[in-house]
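*Asks:* Residue numbers (the numbering used here): 820 to 1224.
1. Sort 1018, 1197, 1026, 928 by Cα distance to residue 978 and report the nearest one.
2. Taking the DSSP output, what are the residues bridged to residue 993?
3. Closer than 6 Å by C-beta to residue 820: which residues in its own chain qualify, once you throw out the five before and the five after it? Chain order, please.
4. Roughly how many angstroms lie between the CA atoms of residue 1214 and residue 922, to the nearest whole one?
5. Where residue 1070 and residue 1114 are concerned, what is the direct C-alpha to C-alpha distance, given to the nearest angstrom?
6. Specify whether the region 954-973 and the region 1078-1092 touch according to this definition: at least 3 beta carbon pairs, one from each stretch, less than 8 Å apart.
7. Is the beta carbon of residue 1172 less than 8 Å from the beta carbon of residue 1154?
8. Near residue 1000, which residues of its chain fall below 6 Å by C-beta distance, leaving aside the five closest residues on each side in sequence?
9. Starting from the N-terminal side, write out each stretch of the beta strand (DSSP E) that is 3 residues or longer and does not extend beyond the region 913-965.
10. Can you tell me whether residue 1052 is buried or exposed? The criterion is at least 16 other CB atoms within 10 Å of its CB, across all chains shown.
11. To the nearest angstrom, how far is it from the Cα of residue 1010 to the Cα of residue 961?
12. Is the distance from the Cβ of residue 1080 to the Cβ of residue 1031 below 8 Å?
13. Does the beta-carbon of residue 1201 have 16 or more other beta-carbons within 10 angstroms, so that it is buried, or is it exposed?
14. Mind reading off the beta-carbon distance from residue 1207 to residue 1164? Whole number of angstroms is fine, and I expect it under 8 Å.
15. Using a Cβ-Cβ cut-off of 7 Å (strictly less than) and excluding sequence neighbours within five positions of residue 895, which residues of its own chain qualify?
16. Determine which residues share a DSSP beta bridge with residue 1093 and list them.
17. Drop a sphere of 10 angstroms on the beta-carbon of residue 934, count the other beta-carbons inside from all chains shown, and report buried for 16 or more, exposed for fewer.
18. Rounded to whole angstroms, how far is the Cβ of residue 1205 from the Cβ of residue 1179, which I believe are closer than 8 Å?
19. Report the rounded CA-to-CA distance for residue 1075 versus residue 1095, giving the unit in angstroms.
20. DSSP state of residue 841, grouped into three classes?
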């Protein structure tokens, strides 16, 4: 990997930019002949066994096996016997499904996530931008897992279900650092199916997987691509300087619009959320094929409860003060309040610009994540007790949390 190689998120596809995207399909043909020889009563029969001709395309594998046998009688007569080999993952366990069965199990729970957001500047003015990604339903209440970058900045979200019906959805919660988000279908929406979550820790290089999603446009809804686990525990630097850790690498094709869709094992279980790929142009002259990444589902399972709760709003802008900054400026280590929104819970609770939060519900707070962990254990209407340093004095405050609107 060269120093100039960049990694790109599989962003939701902007319709209004008219981008032309070219994708290359890789076709592989493997032919094999085997000519066994058999002696019988001084005569030799030559038999030919035709191997399977496998054509690999985006979306699956098509193959068939034909076996030829020769039979000896008083007059030499050759008959042809044909057996059809069913399509399947090369099973390493007795409960492995065919790729088609795995797809049919999961695909009804896979959705298209369409977004509308505002975009513009002082020269062009404000405009509306359409985006698109994928997601999958995880329960009968209509909660859907997807990528954060699919819904980031969205003012309106529409979900297209597998039966082609559309329903509005809203953001429940998200973790931008992990690039995961939870959205929820409008109340009363009939849920067509629910995806089963698997165990991503069981996956290993060489294990076969399929990816399901909607690359490029709705014309390609419910696209299946097939591949293997190429690697585990990958660490990928993002364009914004952040780092994605512990990703699954796969050669199953993942393209723009696939973001948020499921990566599925041979049991028809979701073991990852398709998230990003290495772009051919980003790799420079070398070019790349088949290097995509998914977030392991085990990384998400532990967050489902918190992601299913509405975002609780403090109404403040914050940044961390580490030990080096605290020593340099002779201030306390903790979470610095850089801004307070009008009429927000923070303002109502007495927080002011310049306060440094050092404790939350009696627990030491030195990072934003530590403050977030305390907040995630709360519900709308609960009180969080904060201790802040203000003018080098400790001040105790009580803030009543509100759901973000």
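Idealized CB from N, CA, C, for every residue including glycine.
*Replies:* Once the coordinates are examined:
1. Taking only the C-alpha atoms, the option nearest residue 978 is 928.
2. According to DSSP, residue pairing for residue 993 in a beta bridge involves 1000.
3. With a pLDDT of only 46 at residue 820, under 50, the local geometry of the prediction cannot be trusted, and the value read off the model is given with reservation. Closer than 6 Å at Cβ, skipping near neighbours: no residue.
4. Cα to Cα, residue 1214 sits roughly 57 Å from residue 922.
5. A direct Cα-Cα distance of roughly 14 Å separates residue 1070 from residue 1114.
6. Note that the region 954-973 touches the region 1078-1092; at least 3 beta-carbon pairs, one per stretch, sit closer than 8 Å.
7. Contact: no.
8. Answer for residue 1000: 965, 967, 970, 993, listed in chain order.
9. Whole beta strand (DSSP E) segments, 3+ residues: 929-940, 944-956, 962-965.
10. Exposed, by the Cβ-count rule.
11. Between residue 1010 and residue 961, the C-alpha separation is close to 6 Å.
12. Less than 8 Å separates the beta-carbon of residue 1080 from that of residue 1031.
13. Looking at its Cβ environment, which holds fewer than 16 other Cβ atoms inside 10 Å, residue 1201 is exposed.
14. Rounded to whole angstroms, the Cβ separation of residue 1207 and residue 1164 is 14 Å, and the two are not in contact under 8 Å.
15. Confidence at residue 895 is low in this model, with a pLDDT of 41, below 50, so its placement is unreliable and no value can be given for it.
16. According to DSSP, which records beta bridges pairwise, residue 1093 is partnered with 1113.
17. Classification of residue 934: buried, given that the 10 Å Cβ count is 16 or more.
18. Yes, they are in contact, since the Cβ atoms of residue 1205 and residue 1179 sit about 6 Å apart, within 8 Å.
19. In a straight line, the C-alpha of residue 1075 is about 9 Å away from that of residue 1095.
20. With a pLDDT of only 37 at residue 841, under 50, the local geometry of the prediction cannot be trusted, and the value read off the model is given with reservation. Look at residue 841 here: in three-state DSSP terms it is coil, with no helix or strand label.
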